[in-house]
Amino acid sequence: DVSVQTSMRGEVWLVIVLILLTGSWTLRVDAAKRAAPRKRELLAEHGPVSESTEESGLLLPTVTAATLYEKSRQWHQEGARIKGTGLRPVLGYVTPWHPAGYEFSVLFRAKLTHVSPVWYQLRRAKVDSSKEWVLVGGHEYNETWINSVRQPGGMQESCVAVEEVAEASCSATNAEVTTRVVPRVVVEVDEAQDHLDLVQSPEAAIEAIVKEVESRDYDGIVLEVWMTWAFMNGISNDAFRAAAFAFIQRLSSSLRALQPSGTGGSRQLILAVPPVVPSAPSRPRIDPAHMDQLAAFVDAWSVMTYDYSVGSGPQPNAPLPWLESNIALLQKEMSKSRPDQTLMGLNFYGYDYGQRVPAAITADAYLQILSKHQPTLEWREEHGEHSFQYSVGNKQHTVYFPSPLSIQQRLKMFGENGFGVSIWELGQGLE
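Last residue of the sequence shown: 431 in full-length UniProt numbering, with the numbers rising by one and none dropped.
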């Protein structure tokens, strides 16, 4: 039968086509498997080792995900006891939500001149029919930890590396000093009128701060409010700025009027401020002229030179050219404020760009991504940062996170120019 034969021939050809397609697909899958880098089980080791950072391969531009995962939380067995060199003041922030920071601040206290626990908020509370300034956060106070941070083995202070400053002006040269504890106080009020009341009638707020510093024997405070003043255009208003600067001067004088702290030094005032060159024109900045104006009252400026790219797509966290422009402007326009009064911000966290809003990530999440996806890292020479890409489903992610090499380059830049460092924050990064 012709129709039967035709039908059989059609079925045979269909089978042949299916076999060929299946074989082709199998070959493509096999080829893809061979082309994809083979993932292996990664085993991370923590703690001191005999291998130096240079020997570990962590400082190479071509560092692999496997090396970072397995070795980035190791340090040379003598590293914790080696005192910082080549840098001026080094401030490390610690927060209750990243408790590892407390451990690292004690372990590496030889490299830190200051530690700032993020504990306090200055707020306004309604009492009867009036508002009063209250300082909250004292419940976070940890005397055992503070005593551990202040144990012998602290940072060596050294002279400022600028020609204009004579050797005799150094407060302590190659002398072992105790790490200072300077908790952060952030002003948490939303209304512009509250900020105006603070700077015009600061007595109660200053009293609350000074009383806490004295009773807890802190070495001073880090005050965070400048960014808010800049956002509300207070700094650009002559009258508000004059009152704000008078408030800062009074707070500083009140702290210095206290008896020396247990570490033997006067109580210090450090201000957390935005960079002098913002990453975008719409972002806050601090004028170097204002830093000069307050130089006699502010012991150090904690400059927020990070979060360069937030809201503008995958970009580096703090590209080297941007940091260089900040340093250049500070050097050009500051005449009264010394370089070692400026603590350039160094982020220990990174960003994962995959959603509409980039997600801040710390080392734990970063290392999990490295272990699971084992991506190829790319060293971006123009930015001085490592990045990589990975996919979840059909969504591609780009990650920027500070690597040992990127941190080394920034520390070198800050140190060579006589600037200090402020780290946000201990416990977040690849310590």
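For glycine and all other residues, C-beta sits at the position ideal for the given N, C-alpha and C.
No experiment lies behind these values; they were computed from the predicted model shown.
Judged by their CB atoms, G420 and D340 are nearer to each other than the 7 Å cut-off. With 16 or more neighbouring CB atoms inside 10 Å of its own CB, S261 falls in the buried class.
Less than 7 Å separates the beta-carbon of V303 from that of M344.
Look at G427 here: in three-state DSSP terms it is coil, with no helix or strand label. When DSSP states are grouped into helix, strand and coil, D352 belongs to the strand group. Only residues of its own chain outside the window of five on either side were considered, and among them V277 have a CB closer than 8 Å to the CB of S325, listed in chain order. Rounded to the nearest angstrom, the gap between the Cα atoms of L43 and Y69 is 8 Å. Rounded to whole angstroms, the Cβ separation of A208 and W133 is 6 Å, and the two are in contact under 8 Å. Contact check for Y349 and I361: beta-carbon distance about 7 Å, within the 8 Å limit, so the pair qualifies.
I423 counts as buried, since at least 16 other C-beta atoms from the protein chains shown sit within 10 angstroms of its C-beta. Cβ neighbours of W379 within its own chain (closer than 6 Å, five residues either side excluded): P61, H386.
Rounded to whole angstroms, the separation of the alpha carbons of S252 and A295 is 11 Å. Annotation: the continuous alpha helix (DSSP H) that includes V213 extends over 203-216. When the five nearest sequence neighbours on each side are left out, the beta carbons in the same chain lying within less than 7 Å of the beta carbon of P288 are those of V276, L329, L330, E333, M334, in order along the chain. Fewer than three beta-carbon pairs drawn from the region 383-399 and the region 53-60 are found closer than 8 Å, and the two stretches are therefore not classed as touching.
Its chain contains R250, L251, S254 as the residues whose beta carbon lies nearer than 7 Å to that of I206, once the 5 sequence neighbours on both sides are disregarded; these appear in chain order.
Bridge partners of I221 according to DSSP: L269. Annotated three-state conformation of Y93 is strand, per DSSP.
For the set A257, K372, P89, H139, the Cα lying nearest the Cα of T178 is the one of P89. A distance below 7 Å separates the beta carbons of V199 and A244.
The alpha carbon of K336 has as its nearest neighbour, out of D299, D194, L346, V136, the alpha carbon of D299.
Its Cα nearest to that of D217, the residue G138 stands out among G138, A272, Q374.
In the three-state reduction of the DSSP assignment, A230 falls in the helix class, which pools H, G and I. Bridge pairing for I361: G350 [DSSP].
Between the beta-carbon of A363 and that of L430 there is about 5 Å, and that keeps the pair under the 8 Å contact cut.
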